[in-house]
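J.:
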Amino acid sequence: MARMTDSPPSRRQPPSTPRHPSARIAQRPTPDKDQIALLEPFERLGLDRIALVSTPAQADQACDALASASAWGFDTESKPTFVQGEASDGPHIVQLATLERAWVFQLHDPGCRARVAELLALRGVTKAGFGLGDDTKRIQHKLGVQPADVLELNTVFRQRGYRKDMGVKGAVAVLFNRRFIKSKKAATSNWANARLSEAQLVYAANDAWAALRVFNALHLTA
């Protein structure tokens with residue numbers, strides 16, 4: 000946008016050309032799955048750095064550990080729906096991560112749900128993730144809070160010239176030249192189960208953790 004001046008511009012000057020965001024930023028290609036498949040795997044959090052949270056006491060411990068971070072990786076998972084018109088009652092878990100650890104919160108217990116709601120409504124902490132539009136809507140419905148300071152990382156990549164939604168796989172490929180591994184079996188598993196498998200924990204935790212890694216890398220290259 001042109002700046003306002005105290006006096007009108009000279010008539011000898013040509014009129015300024017309106018700037019459009021797409022004219023200022025060169026379009027960049029999003030890597031496809033074949034290109035990503037050739038890359039070395041991206042590192043992952045192991046189970047020793049992943050905490051399953053299902054009780055208020057465990058949630059209190061998680062809150063204490065998360066309190067010192069200025070940004071969290073953020074994601075949710077919901078039990079898949081396979082029948083047309085079937086409404087999801089998710090999310091069934093919420094994932095939050097620092098650079099050191101990740102916490103997978105189950106939402107069966109009312110006390111645990113309340114702690115998660117407090118964390119997500121907390122202002123001053125960036126919650127960074129991919130594809131968070133549906134996640135935030137479901138959280139509002141289920142937990143009764145509007146998540147604060149949520150950063151949709153796909154939006155950041157669009158601002159940097161990438162046309163398509165990047166997603167965690169594309170972002171990891173672009174920023175780290177690595178392949179982020181996601182299990183299709185885990186992705187479509189029952190996240191409402193009272194007992195989550197090790198594969199589910201690793202999948203969920205690393206979605207949030209990788210989002211934070213991407214956020215940090217974007218911040219360093221801004």
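Heads up: the sequence shown begins at 0 in numbering that gives the first Met the number 0, then just goes up one per residue. Beta carbons are placed, not taken as given, at the ideal position from N, Cα and C, and that holds for glycine. It should be emphasised that the depicted structure is a prediction, and the values quoted were computed from it without experimental measurement.
Which same chain residues end up closer than 6 Å to residue 120 when comparing Cβ atoms and leaving out the 5 residues on each side of it in sequence?
T.: Hits under 6 Å: 144, 147.
J.: With H, G and I counted as helix, E and B as strand and the rest as coil, what does DSSP make of residue 60?
T.: Residue 60 falls in the helix class under three-state DSSP.
J.: From residue 77 to residue 179, what distance separates their C-alpha atoms?
T.: The straight-line gap from Cα to Cα measures roughly 21 Å.
J.: What separation, rounded to the nearest whole angstrom, lies between the Cα atoms of residue 22 and residue 156?
T.: Low per-residue confidence applies at residue 22: pLDDT is 47, beneath 50, and the placement is therefore not dependable, though the value from the model is reported in the following sentence. Computed Cα separation, rounded: 16 Å.
J.: Determine the DSSP secondary structure at residue 89, reduced to helix, strand or coil.
T.: Of the three classes helix, strand and coil, the one that applies to residue 89 here is coil, per DSSP.
J.: Just how far apart, CA to CA, sit residue 214 and residue 127?
T.: For residue 214 and residue 127, the distance between alpha carbons rounds to 7 Å.
J.: Any chance the stretch 38-49 sits against the stretch 199-208, with 3 or more Cβ pairs inside 8 Å?
T.: Enough Cβ pairs lie closer than 8 Å, so yes.
J.: Between the Cα of residue 217 and those of 94, 131, 111, 150, spot the shortest distance and give me the residue it belongs to.
T.: Residue 217 has its Cα closest to that of 150, out of 94, 131, 111, 150.
J.: Short of 7 Å in beta carbon distance, which residues of its chain neighbour residue 39, apart from the five on each side in sequence? Order them along the chain.
T.: 177, 178, listed in sequence order.
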